[in-house]
Amino acid sequence: MRFRRLTEEEFAAVEPEFVKFLSSQGLDAPEWQKVKSENPHMVEYLLDEFSTFFWESTTSRITFLERHTDEDRWVFKFSESRAKVFRLIHKKDGGDPDVYRGEKEFPEEARGREIFLLLEQGLLPCTEDRHKELDKLF
Numbered sequence: 117m118r119f120r121r122l123t124e125e126e127f128a129a130v131e132p133e134f135v136k137f138l139s140s141q142g143l144d145a146p147e148w149q150k151v152k153s154e155n156p157h158m159v160e161y162l163l164d165e166f167s168t169f170f171w172e173s174t175t176s177r178i179t180f181l182e183r184h185t186d187e188d189r190w191v192f193k194f195s196e197s198r199a200k201v202f203r204l205i206h207k208k209d210g211g212d213p214d215v216y217r218g219e220k221e222f223p224e225e226a227r228g229r230e231i232f233l234l235l236e237q238g239l240l241p242c243t244e245d246r247h248k249e250l251d252k253l254f
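Under this note's numbering, the residues of the sequence shown are numbered 117 to 254, in order.
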């Protein structure tokens, strides 16, 4: 599995999408209850399939990720097969921060996995307004 399974809390947050997914699999509420009680392997399969669908659709819409702490700021910009990174390390004495830039190329099919791994490390997607501001760094 390229991505982890959603947690119970995450499934609860995307319940309407999960219901649509089950419907696309030909399962309404009574049929889902029946599958849950009679076929645990199918339940596991459907939970994994939906999780993969969720992560693929979510990561495909992300262009920028960022994380800011007292010590530093990380900003990633993703294209289809490349990620650029901009990092500022704040100095304790208040001097000018150290600035680092880099980039990484990857196969297009790996883009979602690269973004997913950064999300798991605590980076967050940015709003559209924040996109415009951050794009100036690159």
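The C-beta atom is built at its ideal place from N, Cα and C for all residues, glycine as well.
Gly228, enclosing alpha helix (DSSP H) - first and last residue: Working through the sequence shown from its first residue, we reach residue 228 at position 112. Taken as a continuous stretch (DSSP letters only), the alpha helix (DSSP H) holding Gly228 covers Arg227 to Glu236.
Any idea what DSSP makes of Pro146, helix, strand or coil? In the sequence shown, counting from the first residue as 1, residue 146 sits at position 30. If DSSP states are grouped into helix, strand and coil, Pro146 belongs with the helices.
For my contact list, Leu181 and Leu239 are in at a C-beta cut-off of 8 Å; report their separation, rounded to the angstrom. Counting from 1 along the sequence shown, the entry for residue 181 is found at position 65. Counting from 1 along the sequence shown, the entry for residue 239 is found at position 123. Sure, about 4 Å apart at Cβ, within 8 Å.
What whole-angstrom Cβ distance do Val201 and Glu219 have, given they're in contact under 8 Å? Counting from 1 along the sequence shown, the entry for residue 201 is found at position 85. Counting from 1 along the sequence shown, the entry for residue 219 is found at position 103. Confirmed, about 7 Å.
Considering only their Cβ atoms, is the gap separating Phe169 from Leu122 smaller than 8 Å? As a first step, residue 122 is located in the sequence shown; it is residue number 6 there, counting from the start. As a first step, residue 169 is located in the sequence shown; it is residue number 53 there, counting from the start. For Leu122 and Phe169, no; Cβs fall outside 8 Å.
Give the list of continuous alpha helix (DSSP H) stretches no shorter than 4 residues that lie fully inside the region 152-196. 156-176
Leaving out the 5 sequence neighbours to the left and right, which residues in its chain are closer than 7 Å to Leu163 when beta-carbon positions are compared? Numbered from 1 along the sequence shown, position 47 holds the residue referred to as residue 163. Taken in chain order, the residues that qualify are Arg121.
Of the residues Glu196, Gly211 and Ser167, the one placed nearest Glu126, counting alpha carbons only: Within the sequence shown, residue 126 is the residue found at index 10, counting from 1. Glu126 has its Cα closest to that of Ser167, out of Glu196, Gly211 and Ser167.
Looking at the secondary structure, which residues open and close the beta strand (DSSP E) in which Val215 lies? Counted from its first residue, the sequence shown places residue 215 at position 99. Start and end: Asp214 to Glu221.
Among residues of its own chain, excluding the 5 on either side of Asp214, which ones have a beta-carbon nearer than 6 Å to its beta-carbon? Locating residue 214 in the sequence shown gives position 98, where the first residue counts as 1. Ile205, listed in sequence order.
For Phe119, does the three-state DSSP call read helix, strand or coil? Within the sequence shown, numbered from 1, the residue matching residue 119 stands at position 3. Correct three-state label for Phe119: coil.
Applying the criterion that 16 or more other CB atoms from any shown protein chain within 10 Å of the CB defines a buried residue, is Glu230 buried or exposed? As a first step, residue 230 must be located in the sequence shown, where it is residue number 114. Glu230 should be labelled buried.
Does the Cβ of Gly228 have 16 or more other Cβ atoms within 10 Å, making it buried, or fewer, making it exposed? By 1-based counting over the sequence shown, the position of residue 228 is 112. Buried.
My understanding is that Glu172 touches Glu196, with C-beta atoms under 8 Å, so please give their C-beta distance in whole angstroms. The count along the sequence shown starts at 1 and reaches residue 172 at position 56. The count along the sequence shown starts at 1 and reaches residue 196 at position 80. The pair is not a contact, with the Cβ atoms about 14 Å apart (cut-off 8 Å).
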